[in-house]
Amino acid sequence: MTASQNWNMDSVFSGGSHSEALQSRIKELDTLIKETLTQISEWQPSKDHPEFNELASFLKKRETIGNGLSEAGTFARGLFSANTKDLQAAKVVNQLSTVASQMSEVETLFMKKLKDVPENEWETLVATEPFKQSAFPLQEKREKGQKLLSEKEEKIIQKLSLDGLNGFGNMYQTIVNSVNVPFEEDGKITYLSAGQAANKLTGSEDPAVRARLLKDWEIAWKEKAPLFSDTLNHLAGFRLQTYDLRDEKDFLNPPLEYNRMKEETLNTMWDTITDNKPKVVEFLNRKAALMGKDKLNWADVTAPVSVGDYEPKTYSFEEAQNFVTTHFGTFSQEMQDMAQRAFDEGWVEAEDKEGKRPGAYCSNLPESKQSRIFMTFSGSANNVSTLAHELGHAYHSHVMRDLPALNRSYAMNVAETASTFAEMLISDATVEAAASEEEKIALLDSKISRAAIMFMNIHSRFLFEKRFYEARQNGLVNEEELSTIMEEAQKEAFLDSLDTYHPTFWASKLHFYITGISFYNFPYTFGFLFSLGIYSKAKQEGQSFSDDYRNLLRDTASMTTEELAEKHLAVDLTQPDFWQSAIDEILTDIDEYLALTADRI
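Counting in full-length UniProt numbering, the sequence shown runs from 1 upward without gaps.
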């Protein structure tokens, strides 16, 4: 029987985007949010002491709302992802966003009320159930509440952010939609959207096409640079003004606190990466030589490299399922069983068809106790790795299902732990299964190129954003200055190993304009290396490590990142040893790549 490539959404809500059950659930959630806002507004810690029954009731309602919004959101976004022409689905996504936005006021009040609990009563509260298990995230919210302004002032900031911070975030997408990049093929010039051009820039196998397109790509973004500059400046300005009002002295503190990590850990990670970059440059130079070039350009780093004449292995979706479940089972029976359940119960949307949005993701269904995975499967080894990656996210949710909602809210830096771990299991397996030396080189190239992005491209983003915020504190930063800061950061991060850079990357990269959190960069590299370090330990200990790994995932929202690593891995993230052990995994791949390609240049 042919394996189904379509997910089952009817088991969540019947009726598709016009589901009456969905609309009924949204109305219930809207009513419950209003009730919960009233409840937390009227809550008086002094009268709820010592049992705090009213607080326990509030937390139950808060969890019900969070689970419901996640369930409905996964359903609606999933329908729209699978069919971008489903305008009703898009309408429901916006409807849910409006309903969910009301929770920001609830959360602000919640945090401010927690800070009003006297210290001696607080210590009693977090030492007793049902609060003891969530002591860490409750303490975290209490501390954040202590930094907030008055209820009225915070409400003003939230109201102004709709047309301020969020408004400029929306403006970015509007400007992006107007970007057109000329592309010549077979003597004809067509104009590509930003998304279409990006796909060709990273996907074309012809170095000449990539070089030509990179030049036109840069010109297209430069033409709109004044608009992007205004947008980026006002986004950062709104944040800096808000930090100032809350007496937040360092613009790095909020993203570090969100990711529950120390700046010392971050600096150690980057320093250890930098110490190892010369070996990565060897890889980049070898890749350039295989392409017949002296140096790579910006678009070449992740481009496929072809050596010899071979046919890369392709997989049917059923073969991919079997490959993933089999290799998951070499490490964890539970991982294997969950993956098989995902396929049996229709968690995965993988059909290669028109109308789907690009990319891949995994989204949680806490009420159904399932996940939904979105991707487009075309049969490549990379597709198999992507499938494993998203199933890793599903496993992370799976092992946390019985925890309170507060203990399931893990940060971005550890969000990629299970996914990258699962991907590494499968990536290594595909390399081992390569039918020829040429295929093995191609698979290693893809794997190492991803690491190069994490070590260098992401580092350049961090360096740029840090220097931009430093400059923005002293006033507006114009587009020429932004491009200079960007190019200097890229040259520093890549040890000036490329022959062409992307100065307007600050305009073309969506991550700089995400309104939810600044510095949407270093958590990627952290998560990648954290997973590699765990993977290195798993290879040493085998299946005996699977229970330790499971317990680590369960604790990802219940302690700081440093405490997590100390408890489950017995390592100190402020020291370079762990980071070096993770990087060594990539250095081993680079050595093999260099040996395999030594006679091919």
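Heads up, the beta-carbon is just placed ideally off N, CA and C, and yes, glycines get one too.
Remember, predicted model here, so these are calculated numbers, not experimental data.
ask   = Taking C-alpha atoms, which residue in K85, E105, A381 and R62 lies nearest to E354?
value = K85
Assigned exposure category for H18 - 16 Cβ within 10 Å defines buried = exposed
ask   = On the three-state DSSP scale, how would you describe K91?
value = Note: K91 maps to helix in three-state DSSP.
task = Report buried or exposed for R554, applying the criterion of at least 16 other Cβ atoms within 10 angstroms of its Cβ.
result = buried
task = Closer than 7 Å by C-beta to L201: which residues in its own chain qualify, once you throw out the five before and the five after it? Chain order, please.
result = R210, L213, L214, W217 and A299
inquiry  = Taking its Cβ as the centre, do 16 or more other Cβ atoms sit within 10 Å of T98, making it buried, or is it exposed?
reply    = Exposed, because fewer than 16 other Cβ atoms sit within 10 Å of the Cβ of T98.
task = With DSSP collapsed to three states, give me the class of I590.
result = DSSP, reduced to helix, strand and coil, places I590 within a helical segment of the structure shown.
query = Just reading off the beta strand (DSSP E) that T190 is part of, what are its end residues?
reply = Where T190 is concerned, the enclosing beta strand (DSSP E) stretches over K188 to S193.
query = What is the DSSP secondary structure of M1, counted as helix, strand or coil?
reply = With a pLDDT of only 48 at M1, under the threshold of 50, the placement of this residue in the model should not be trusted, and no figure is reported.
Opposing strand residues paired with F183 [DSSP bridges] = Answer by DSSP bridge pairing, in chain order: T190.
ask   = Can you tell me the Cα-Cα spacing of residue 636 and K440, whole angstroms?
value = Outside the displayed range of the chain (1 to 601) lies residue 636, so it cannot be described from this structure.
query = Leaving out the 5 sequence neighbours to the left and right, which residues in its chain are closer than 7 Å to S229 when beta-carbon positions are compared?
reply = N478, E479 and L482
query = Since F283 and I458 are thought to touch, with beta carbons under 8 Å apart, how far apart are those beta carbons, to the nearest angstrom?
reply = The Cβ separation is near 16 Å, so there is no contact.
request  = Put Q333 into one of helix, strand or coil per three-state DSSP.
outcome  = helix
ask   = Ordered along the chain, which non-local residues of its own chain (more than five positions away) have a Cβ less than 7 Å from that of W270?
value = Non-local C-beta neighbours of W270 in its own chain, meaning closer than 7 Å and more than five positions away in sequence, comprise H459, ordered along the chain.
message = So, for D572: in the same chain, excluding its five sequence neighbours on each side, which residues have a beta-carbon less than 6 Å away from its beta-carbon?
response = none
message = Report the start-end ranges of each alpha helix (DSSP H) in the segment 334-412 that is 4 residues or longer and not cut off at the edges.
response = 381-399
query = What is the DSSP secondary structure of N199, counted as helix, strand or coil?
reply = helix
query = Under the three-state reduction of DSSP, which class applies to T84: helix, strand or coil?
reply = coil
key: Pick from M559, K147 and V179 that is closest to S409, judged by C-alpha positions   = M559
inquiry  = Quick check on DSSP: helix, strand or coil for F168?
reply    = helix
ask   = If you compare alpha carbons, which of L443, T504 and A442 is closest to M461?
value = Before going further, note that residue 461 is Arg rather than Met in the sequence given. Residue T504 is the option with its Cα nearest to R461.
query = Roughly how many angstroms separate the alpha carbons of V431 and R357, rounded to a whole number?
reply = 29 Å
task = Please classify D10: does DSSP put it in a helix, a strand, or coil?
result = coil
task = Quick one: give me the first and last residue of the beta strand (DSSP E) that T500 is part of.
result = L498 to T500
Residue from A320, T556, N276 and D577 whose Cα sits closest to the Cα of K567 = T556
key: For L296, the residue or residues it bridges with in DSSP   = L498
query = Straight-line CA distance for D309 to D206?
reply = 16 Å
task = Compare the Cα-Cα distances from A194 to each of D186, N180 and E185 and report the closest residue.
result = N180
task = Take V281 and list the residues in its own chain whose beta-carbon comes closer than 7 Å to its own, dropping the five residues that flank it on each side.
result = L495 and S497
query = Closest by CA to F455, which one among W579, L29 and T326?
reply = W579 is the residue among W579, L29 and T326 whose C-alpha sits nearest the C-alpha of F455.
query = Would you call Q146 buried or exposed, if buried means 16 or more other Cβ atoms sit within 10 Å of its Cβ?
reply = That one is exposed.
C-beta contact flag for A411 and N259 at 7 Å = yes
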